[in-house]
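See the structure below:
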């Protein structure tokens, strides 16, 4: 869904070309596909309204633009509020904190992602802001950057979990590539007059040939990178085990798996107790997910003894997951009622039918 963010760039392009209404309509539609773009869409709508007002010195069109955008965005806002509204204030506050600090700190905690690359991006943005100060684009960039920087600064001081999950810094995912493209375009525009005679009349074939070579090189790099990533997936030592599960999967079979095995569900089609990658966002659902993650992690982390057999039994019964994937350090787990179905020396799959071990304990 995040790929639909490209329509934010298209919207800006259309606005600069005078297609104001089409540019406005694209914003709420993009946010409806992926609500994380609601803030970016709202800021862009405000920027368009401001530019139109400054150009025409009248309120009618900006108000109509804002009203249209508001009407189109109401369904996704209503849906989001209905589905993800707090069920209990205390639980909501706790789960938001857990989500920020445990599940997605790389997205939500400023100290996790702020680095020299961000500083470089900000420098490029400020240079571009100076370059476009006399164009329509100035207020678009200024509002995008201003809101993002302001809300990020507020978060530095207040450290509010709800604000962190609004991800105001994600506007940079739109702002930085846009700024980079503008800067490159400005540079080319400045040097082109001195190159045009040389390129077009004297060395045109050589110049365009070099461009073709460059483009082919970029394409080759992309293909090579994709091939390398696919080879890494194919060389995953868990792949044969997952192929076995996919081939023998029966209706209603659920699995206990290591929580970092995020490709398991996609490759096998099997339901699992929990994995770290896939999370719910409703407060009580997230709390349940976190409890599952902690209990499953404890099973895989603890020694291969009778206590862990009892822990496996409780997981199996509570979630009606009768199958367990055992990684290399769990292959020597021996429990009464644990029947091995597959073992390739690296991973194993076992059927869980462990009896009540309370008396034995």
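In the working numbering, the protein residues as written are 7 to 367.
Ideal Cβ positions, reconstructed from N, Cα and C, are used throughout, including at glycine.
Since we're looking at a predicted model, the values are computed, not measured.
Boundaries (first-last residue) of the alpha helix (DSSP H) holding residue 324: Where residue 324 is concerned, the enclosing alpha helix (DSSP H) stretches over 312–325.
For residue 147, which residues from the same chain have a beta carbon less than 6 Å from its beta carbon, with the 5 sequence-adjacent residues on both sides left out? Its chain contains 135 as the residues whose beta carbon lies nearer than 6 Å to that of residue 147, once the 5 sequence neighbours on both sides are disregarded; these appear in chain order.
Could you tell me the alpha carbon to alpha carbon distance between residue 138 and residue 144, rounded to whole angstroms? Rounded to the nearest angstrom, the two C-alpha atoms are 5 Å apart.
Return the CA-CA distance between residue 333 and residue 287, expressed in angstroms with no decimal places. Their Cα atoms are separated by approximately 29 Å.
So for residue 367, helix, strand or coil by DSSP? Confidence at residue 367 is low in this model, with a pLDDT of 45, below 50, so the placement of that residue should be treated as unreliable; the coordinate-derived value is given next. Under the three-state reduction of DSSP, residue 367 is assigned to coil, being neither helix nor strand.
Terminal residues of the beta strand (DSSP E) in which residue 354 lies: Counting along the chain, residue 354 sits inside the beta strand (DSSP E) bounded by residues 354–358.
What is the rounded straight-line gap between the Cα of residue 66 and the Cα of residue 27? Roughly 13 Å between the two C-alpha positions.
Using a 10 Å radius around the Cβ and a threshold of 16 neighbouring Cβ atoms, would you call residue 264 buried or exposed? With 16 or more other Cβ atoms within 10 Å, it is buried.
Of the listed residues 355, 37, 31, nearest to residue 9 (C-alpha basis): The residue from 355, 37, 31 with its alpha-carbon nearest to that of residue 9 is 37.
For residue 192, count the other beta carbons within 10 Å of its own beta carbon; 16 or more makes it buried, fewer makes it exposed. Which is it? Flag for residue 192 reads exposed.
Stretch-stretch touch, CB-based, cutoff 8 Å, three pairs: the stretch 89–100 with the stretch 157–164: In short, these stretches do not touch, since the Cβ pair count stays below three.
Helix, strand or coil: which one does DSSP assign to residue 65? Coil, per DSSP.
Helix, strand or coil for residue 344, going by three-state DSSP, please let me know. If DSSP states are grouped into helix, strand and coil, residue 344 belongs with the strands.
If I follow the unbroken alpha helix (DSSP H) through residue 172, where does it start and stop? Per DSSP, residue 172 belongs to no alpha helix (DSSP H) and is neither H nor E.
CA nearest to the CA of residue 240, picked from 262, 127, 269: It is 269.
Buried or exposed, going by whether 16 or more other CB atoms sit within 10 Å of the CB of residue 367? For residue 367, the pLDDT reaches just 45, beneath the cut-off of 50, and the residue's location in the model is therefore unreliable, leaving the point undetermined.
Distance check for residue 183 and residue 166, CA to CA, integer angstroms please. One C-alpha to the other measures close to 28 Å.
Residue 169 and residue 150 closer than 8 Å at C-beta: If you check the CB distance, residue 169 and residue 150 do not come in under 8 Å.
Beta-ladder partner(s) of residue 329, from DSSP: Answer is 261, 357.
Counting only the same chain and skipping the five closest in sequence on each side, list residues whose C-beta sits under 6 Å from that of residue 89. The answer is none, since no qualifying residue turns up.
Do you know whose CA, among 227, 131, 226, 198, lies nearest residue 213's CA? Minimum Cα distance to residue 213 is reached at 198.
Expressed to the nearest angstrom, what Euclidean distance is found between the alpha-carbon atoms of residue 121 and residue 128? Each residue's alpha carbon lies about 11 Å from the other.
Using the rule of at least 16 other Cβ atoms within 10 Å of the residue's Cβ for burial, across every protein chain shown, is residue 266 buried or exposed? Classification for residue 266: exposed.
With a CB to CB cut of under 8 Å and the five nearest residues on each side skipped, what residues in its chain are close to residue 112? Here the set comprises 118, 119.
Distance CB(residue 7)-CB(residue 39) smaller than 8 Å: Yes, they are a contact pair.
Please report how far the alpha carbon of residue 84 lies from the alpha carbon of residue 46, in whole angstroms. Spanning the two alpha carbons is a distance of roughly 18 Å.
Just reading off the alpha helix (DSSP H) that residue 275 is part of, what are its end residues? Where residue 275 is concerned, there is no enclosing alpha helix (DSSP H), because DSSP gives it neither an H nor an E.
Residue 43 classed as buried or exposed, judged by whether at least 16 other C-beta atoms fall within 10 angstroms: Residue 43 is buried by the Cβ-count criterion.
Sequence-distant residues of its chain with Cβ nearer than 8 Å to residue 247 (five each side left out): Only 331, 348, 350, 352, 353, 354, 355 meet the Cβ criterion.
Cβ neighbour criterion (16 or more within 10 Å) applied to residue 54: Residue 54 should be labelled buried.
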